[in-house]
Each structure stands twice: as structure tokens, then as C-alpha cells.
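Numbering of the sequence shown is given in the UniProt record's numbering, commencing with residue 1 and proceeding in unit increments.
Note that beta-carbon positions come from the ideal geometry of N, C-alpha and C, so glycine has one too.
Note sheet for the following structure.
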Amino acid sequence: MQGHAESRHNLGCDEVRKGNHDRAVRLFLISAKMGHRESVEKIKRMFMGGLGTTAQYAEALKGFQDAMEETKSNDRDEENALRKSRGASA
């Protein structure tokens, strides 16, 4: 997926203001799949307001979780655990 998550999110916000809700949801989905938490929240609010579907919200959550999983690093987690056990901040 190409682009910048924050830029996609901002374009989605512009589309909401223009009343292009379908286009906004597509942009928020792209951004959410890139790990942009606020885009997931926007889709959630649109879903709660009847402007998005359950499937779109589920896709946003899954995409966001997948993006977060990709950024995890076992080495980083082990280092943070080691620092914590030694009393240093992570």
C-alpha cells in the first residue's frame, strides 16, 4: 500500500466535509490498514452514525491490528523487558 497514513486520513476528513462518505470510508480504510489509529475511530463513528457498514469497521480493525503486528519486534520486546527488570524506563 502506497502513501502516507496521515495524508490519507486528512483526505478522508476532507471527503466527509464534502459529504462523500463512501470515498471517506475508503480513504480511512487505507489509512487504518497502514496503522493510523484515528482512522479506525473515524470509521467506528461513521458506522455508529449509519454511514459505514459492519464489514468496513471489521476490515478497519483487522487491518489496523495487522499493521500493529507487523511493527512488533521480538528484539525490542526483549530489550524492553530486560530494561524493566533492571528498573530502567523502556
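Query, Result
"Short check: CB of residue 63 to CB of residue 25, under 7 Å?", "no"
"Using only the alpha-carbon positions, how far apart do residue 37 and residue 78 sit?", "25 Å"
"Residues in its own chain within less than 7 Å of residue 91 by CB, not counting five upstream and five downstream?", "The shown model of the chain, from 1 to 90, leaves out residue 91, and the question about it has no answer."
"Can you tell me where the alpha helix (DSSP H) with residue 85 in it begins and where it stops?", "74-85"
"Can you tell me whether residue 29 is helix, strand or coil according to DSSP?", "helix"
"Buried or exposed: residue 19, going by 16 or more other Cβ atoms within 10 Å of its Cβ?", "exposed"
"Residue 46 lies in the alpha helix (DSSP H); which residues open and close that run?", "37-48"
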